[in-house]
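K.L.:
All residue numbers for the sequence shown refer to our numbering, where the first residue is 331 and numbers rise by one. Every residue gets a Cβ at the ideal spot worked out from N, C-alpha and C, and that includes glycine. Keep in mind it's a predicted model, so treat the numbers as computed, not measured. Would you mind keeping the following structure in view while I ask a few things?
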Amino acid sequence: MNISENKVIDESIQGQALVMETPKTTGKKLFLESYGCQMNFSDSEIVASILMEKGYTTTTNFEEADVIFVNTCAIREGAESKVRNRLNDFKRVKARNPNALVGVLGCMAERLKAQFLEQEKLVDLVVGPDAYRDLPNLLEQAEDGHRAINVLLSKEETYADLTPVRLGTNGVTAFISITRGCDNMCSFCVVPFTRGRERSRDPESILNEARDLFSRGYREVTLLGQNVDSYLWSGGGLKKESLTEEQKAASVNFSKLLEMVALVNPDLRVRFSTSHPKDMNDEVLYTMAKHENICNNIHLPVQSGNSKVLQMMNRGYTREWYLSRMEAIRRIIPGCGISTDIITGFCGETEEEHQETLSLMEIVQYDFAYMFMYSERPKTLAERKYADDIPEAVKKRRLQEVVDLQRKHSSVRTHEGLNKVHRVLVEGYSKKSEDMLMGRNSQNSVVVFPKENYKKGDYVNVLVDKCTSSTLIGTVVK
Ligand code: 5AD
Ligand code: SF4
């Protein structure tokens, strides 16, 4: 696998145009394109639900849209440049249809508001991730020819009462946001600045969303948060920092929430992302082990295998701590799928420190990894404190080493699935043929098998007898 063709390196620069599951009216047409993490895709569903109430429908053709929204990602420079190019494409639509409105939503909004609105005059609206309820007002302002902007971040907004419209859905799997924002301040990361302080969502609203999805035929939910392990609900308004130990014990933590969602229905699978190594405790692992329908899969970003680099990254754990968490996962949930995020070429990273990332990978043998070169982001702790001093070519070479090693490990993990029976939730046709169906096993590996009479949403047991480097292939056994 070559870096330039490796999709896993920068998923944030793959934009995706999204359409609604069931358009309600034939009003104005909205083209909504989303970049970046699952949280952004989930936010796009909130945006769609707010505008659907106002009579909008969605389109996948931006040329015919009345409103074009780009839900942006700011996590790495590459993601930002991609959005910029896209905005230039949309400028063409405005040249033909002066009434069309273009808006930038999400993580780039705060940082680039002045540039996009006033200097480059690329867009009519700029709206931050906590201001989507204001969209109908802002659209009216923009229609009246005013530049419309709201990038205020909130300490409370969770959109808990909104029922998101499912976009680009397969009708089987869906995402549910459980927290917004992040308080962790990893030194490389712009998220705390673009998405604000962490807040947890009322568990009742999460359960209602899960029940509603199940009743509409969905069979898997993924609970989303920047750090799901820090989820804590102690009743509206109470701040985490000011809680007594007693109040904390009476609160709903992530482990309790996970159990509550698992109990919605044994046929509703539950996944979650992202876990944080400093906060992921054994209670969560035991809850996973206890409930059959909580998938055996953990995304636990390591970022680096060297303790000094981790300290400079402000990650709050050491190499040894991370490995002890791995040991706990293997002990409590044997066969658990484990994936990670890795950054190469962080400020000051020496060759030996990079080697420690490779050696940690050898110990863990991840099933899957998202791998990135360090990209300095404005306002972050690292930008202010450290020099971005690793030459691009070195960052790239180290990344290639990480990618090559990961490819080997992914293949080893996939081959471990051979000659075993996997419980698979069917998601749809396989990419290659309509005679084959695809789904995922509990560990999140893709499994492909002949269709017979099975359909989306079914659970099947597949005996796997073949595989590629990342896909398991087999036949259904009764
Ligand atoms: N440079 C490179 N990668 C980054 N990530 C976050 N910020 C940066 C950055 N400035 C990666 C981390 C994180 C994932 C979502 O994106 O690995 O876990
Ligand atoms: Fe960024 Fe760290 Fe928060 Fe993840 S945990 S969003 S990397 S600050």
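If you draw a straight line from the alpha carbon of Leu802 to that of Pro780, how long is it in whole angstroms?
P.N.:
Going from the Cα of Leu802 to the Cα of Pro780 covers about 12 Å.
K.L.:
Closer than 8 Å by C-beta to Phe392: which residues in its own chain qualify, once you throw out the five before and the five after it? Chain order, please.
P.N.:
Ala347, Phe361, Glu363, Ile398, Asp419, Phe420, Val423
K.L.:
Pick helix, strand or coil for Ser535, following the three-state DSSP scheme.
P.N.:
helix
K.L.:
Roughly how far, in whole angstroms, is the beta-carbon of His752 from the beta-carbon of Val792, given that I think they are within contact range, below 8 Å?
P.N.:
5 Å
K.L.:
Check whether the segment 615-633 and the segment 559-578 are in contact - that is, three or more C-beta pairs closer than 8 Å.
P.N.:
no
K.L.:
Within its chain, find whatever has a CB closer than 7 Å to the CB of Arg728; leave out the 5 residues flanking it on each side and keep chain order.
P.N.:
Thr674, Gly675, His684
K.L.:
Mind checking whether Asn415 and Asp373 have CB atoms under 8 Å apart?
P.N.:
Contact flag unset, no.
K.L.:
Rounded to whole angstroms, what is the Cα-Cα separation between Ser740 and Thr648?
P.N.:
24 Å
K.L.:
For Glu550, count the other beta carbons within 10 Å of its own beta carbon; 16 or more makes it buried, fewer makes it exposed. Which is it?
P.N.:
buried
K.L.:
Does the ligand 5AD have a heavy atom nearer than 7 Å to the CB of Cys519?
P.N.:
Proximity of the beta carbon of Cys519 to the ligand 5AD is indicated: a heavy atom of the ligand is located closer than 7 Å.
K.L.:
Any idea what DSSP makes of Leu492, helix, strand or coil?
P.N.:
In the structure shown, Leu492 sits in coil (DSSP, three-state: anything other than H, G, I, E or B).
K.L.:
From which residue to which residue does the beta strand (DSSP E) around Lys808 run?
P.N.:
No beta strand (DSSP E) contains Lys808, which DSSP labels as neither H nor E.
K.L.:
Name the DSSP beta bridge partners of Val790, please?
P.N.:
Val754
K.L.:
Can you give me the C-alpha to C-alpha distance between Val790 and Val756, rounded to a whole angstrom?
P.N.:
When only Cα atoms are considered, Val790 and Val756 end up about 7 Å apart.
K.L.:
With a threshold of 7 Å, establish whether the CB of Cys299 neighbours any heavy atom of the ligand SF4.
P.N.:
Residue 299 is absent from the structure shown; the chain starts at 331 and stops at 808.
K.L.:
Please classify Val495 as buried or exposed, where buried requires at least 16 other C-beta atoms within 10 Å of its C-beta.
P.N.:
buried
K.L.:
Does any residue of chain B have a CB that is nearer than 8 Å to the CB of Met691?
P.N.:
Absent from the structure: chain B. Only one protein chain is present.
K.L.:
Helix or strand or just coil, what does DSSP make of Glu341?
P.N.:
Residue confidence is low: Glu341 scores 44 on pLDDT, short of 50, so the model does not pin down where it sits. No coordinate-derived value is stated.
K.L.:
So is Val742 buried or exposed if we call it buried at 16+ other beta carbons inside 10 Å?
P.N.:
exposed
K.L.:
Pick out the complete alpha helix (DSSP H) segments inside the segment 552-600, 4 residues or longer, and give them in chain order.
P.N.:
575-580, 584-592
K.L.:
Is any non-hydrogen atom of the ligand 5AD found closer than 7 Å to the C-beta of Gln695, if you look at the structure I gave you?
P.N.:
no
K.L.:
Work out the CA separation of Thr388 and Lys358 for me, nearest whole Å.
P.N.:
Rounded to the nearest angstrom, the two C-alpha atoms are 8 Å apart.
K.L.:
Would you tell me roughly how many angstroms separate the C-alpha atoms of Asp718 and Met703, rounded to the nearest one?
P.N.:
11 Å
K.L.:
Would you kindly work out how many angstroms separate the C-alpha atoms of Asp795 and Val432, rounded to a whole number?
P.N.:
50 Å
K.L.:
Any contact of the segment 754-769 with the segment 496-511, i.e. 3+ C-beta pairs under 8 Å?
P.N.:
yes
K.L.:
Using the beta-carbon count (16 or more within 10 Å), is Leu482 buried or exposed?
P.N.:
exposed
K.L.:
Could you name the residues of the same chain whose beta carbon sits closer than 8 Å to that of Ser799, not counting the 5 residues immediately before and after it, in chain order?
P.N.:
Closer than 8 Å at the Cβ level, and outside the excluded window around Ser799, lie Arg737, Ser740, Ser741, Thr744.
K.L.:
How would you label Lys761, buried or exposed, when you count the other beta carbons within 10 angstroms and need 16 or more for buried?
P.N.:
exposed
K.L.:
Just confirm the distance between the C-beta atoms of Gln556 and Val521, as a whole number of angstroms; I'd bet it's less than 8 Å.
P.N.:
6 Å
K.L.:
Under 7 Å: does the beta carbon of Gln641 sit that close to some heavy atom of the ligand SF4?
P.N.:
no
K.L.:
Alpha carbon to alpha carbon, how far is Lys709 from Glu407? Give it in angstroms, no decimals.
P.N.:
13 Å
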